[in-house]
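In the numbering used here, the protein residues as written are 4 to 322.
Quick reminder that beta carbons are idealized off the backbone N, C-alpha and C, glycines included.
Notes to accompany the following structure.
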Ligand code: NAI
């Protein structure tokens with residue numbers, strides 16, 4: 004038969020749940036039986052000001068629909084207070100969705116320390132503080148689910164977004180390590196890179212595009228990842244938007260192996276340049292490689308031939 008994916012009795016904390024994607028998550032989990040902590044500082048998308056209204060509106064909406072929700076107005080920089088709200092209100096926490104975020108787009112030439120620091124505080128420190136406070140509960144109950152929010156800007160770079168890109172890719176490294184540390188305690192942690200219409204994107208995307216990027220279309224992926232029925236998917240990165248959902252991973256080229264000795268000159272590297280960038284025989288690493296084996300293999304190689312002149316991307320390079 005067809006059954007709803009339910010979250011009865013579970014407590015879900017959604018940060019930045021006063022609008023956009025966070026609101027879509029919060030109302031969904033509220034409609035599927037979860038106790039929801041609706042956290043939002045209620046500031047502008049640039050991180051200015053604060054208000055209780057953003058979170059309150061969403062809590063009201065969930066309650067009116069028959070769900071259970073409580074508001075929290077702290078900044079994610081004080082993640083311990085947000086998790087406290089979950090414990091005090093519902094006695095537990097099962098799912099943490101690190102979603103709160105702001106933008107401070109500015110060309111690198113004009114980047115100020117304040118633009119950099121505030122982005123780091125909200126995205127990097129915020130995700131850390133929330134997860135850190137939830138972690139002991141997850142370990143003790145041998146159950147936890149974490150979603151971290153990266154971004155295409157973090158994965159690929161984006162003009163005017165050095166601060167945001169750095170903060171967003173940090174979520175990948177952070178969460179992949181959480182996944183490794185959490186696995187034996189049944190704490191599964193995944194990363195999403197969403198694309199959705201929100202006040203954050205409405206200034207940078209055309210209206211017809213925004214129309215086909217509903218935040219609601221990100222929610223089902225997140226629901227699947229944080230549900231108890233997911234027992235294996237962890238440490239993964241998913242792109243999602245406009246109905247398209249795809250996993251991303253690292254790809255390593257064939258690579259050039261050189262003997263690590265005095266013959267390993269710039270010329271020897273350039274002689275191997277094709278192999279260094281040859282993706283015709285890729286591998287897909289998900290941990291620190293078997294480095295010792297590589298070292299041993301490299302030592303068995305004959306000395307690298309002394310290069311004379313090598314073609315380096317159409318230029319002749321002297322050794
Ligand atoms: P949004 O601006 O609608 O929602 C973000 C929410 O976080 C706001 O309600 C805001 O008040 C709250 N917030 C900001 N700073 C906070 C703090 N210090 N403590 C607590 N709450 C805080 O934006 P949207 O689009 O819903 O973004 C959600 C997440 O998705 C963000 O992390 C964003 O970086 C990320 N993202 C969004 C994309 C998109 O296409 N909408 C693309 C890639 C990433």
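Compute the Euclidean distance between the alpha carbons of residue i and residue j, then round it to the nearest angstrom.
i, j, result
"residue 94", "residue 277", "58 Å"
"residue 307", "residue 267", "6 Å"
"residue 54", "residue 76", "8 Å"
"residue 254", "residue 67", "48 Å"
"residue 84", "residue 274", "57 Å"
"residue 184", "residue 208", "38 Å"
"residue 285", "residue 295", "20 Å"
"residue 149", "residue 182", "9 Å"
"residue 222", "residue 272", "47 Å"
"residue 290", "residue 256", "15 Å"
"residue 282", "residue 58", "48 Å"
"residue 73", "residue 96", "13 Å"
"residue 188", "residue 86", "19 Å"
"residue 56", "residue 206", "22 Å"
"residue 112", "residue 232", "48 Å"
"residue 218", "residue 241", "15 Å"
"residue 229", "residue 195", "12 Å"
"residue 31", "residue 154", "22 Å"
"residue 49", "residue 132", "20 Å"
"residue 69", "residue 15", "16 Å"
"residue 12", "residue 141", "15 Å"
"residue 106", "residue 152", "14 Å"
"residue 136", "residue 82", "7 Å"
"residue 303", "residue 270", "20 Å"
"residue 51", "residue 300", "55 Å"
"residue 123", "residue 279", "34 Å"
"residue 248", "residue 5", "22 Å"
"residue 227", "residue 235", "12 Å"
Pull the bridge partners of residue i from the DSSP assignment, please.
i, result
"residue 85", "Paired residue(s): none; residue 85 is not in a bridge."
"residue 42", "75"
"residue 250", "241"
"residue 191", "148"
"residue 16", "40 and 99"
"residue 201", "Answer by DSSP bridge pairing: none, since residue 201 is not bridged."
"residue 196", "242"
"residue 262", "Residue 262 pairs with nothing; no bridge assigned."
"residue 326", "Past the edges of the chain, shown from 4 to 322, lies residue 326, and the structure says nothing about it."
Output needed for residue i: all residues of its chain with C-beta closer than 8 Å, excluding positions within five of it in sequence on either side, in chain order.
i, result
"residue 298", "263"
"residue 287", "252, 253, 254 and 255"
"residue 323", "With the chain covering 4 to 322 only, the question about residue 323 has no answer from this structure."
Just to confirm my understanding: we take residue i, look at its own chain, exclude 5 residues before and 5 after, and list those with CB closer than 7 Å. What are they?
i, result
"residue 168", "156, 157, 160 and 161"
"residue 164", "108 and 156"
"residue 35", "7, 8, 9 and 10"
"residue 110", "163"
Could you confirm whether any beta carbon from chain C is found closer than 9 Å to the beta carbon of residue i?
i, result
"residue 10", "In the displayed structure, chain C is absent; only one protein chain is listed."
Looking only at its own chain, which residues have a Cβ that is under 6 Å from the Cβ of residue i, when we skip the five neighbours before and after it?
i, result
"residue 127", "170 and 173"
"residue 200", "213 and 216"
"residue 25", "17, 19 and 102"
"residue 38", "14, 71 and 93"
"residue 246", "220"
"residue 78", "44"
Notebook entry, point to check: Three or more beta-carbon pairs under 8 Å between the region 94-105 and the region 17-27, yes or no?
Noted result: yes
Check: With contact counted as at least three CB pairs below 8 Å, one residue from each stretch, are the region 38-47 and the region 253-272 in contact?
Finding: Because the criterion of three Cβ pairs below 8 Å is not met, the region 38-47 and the region 253-272 do not touch.
Next item on the list: Mind the definition here: the region 112-130 touches the region 56-75 only if three or more C-beta pairs lie below 8 Å; say whether that holds.
Entry: no
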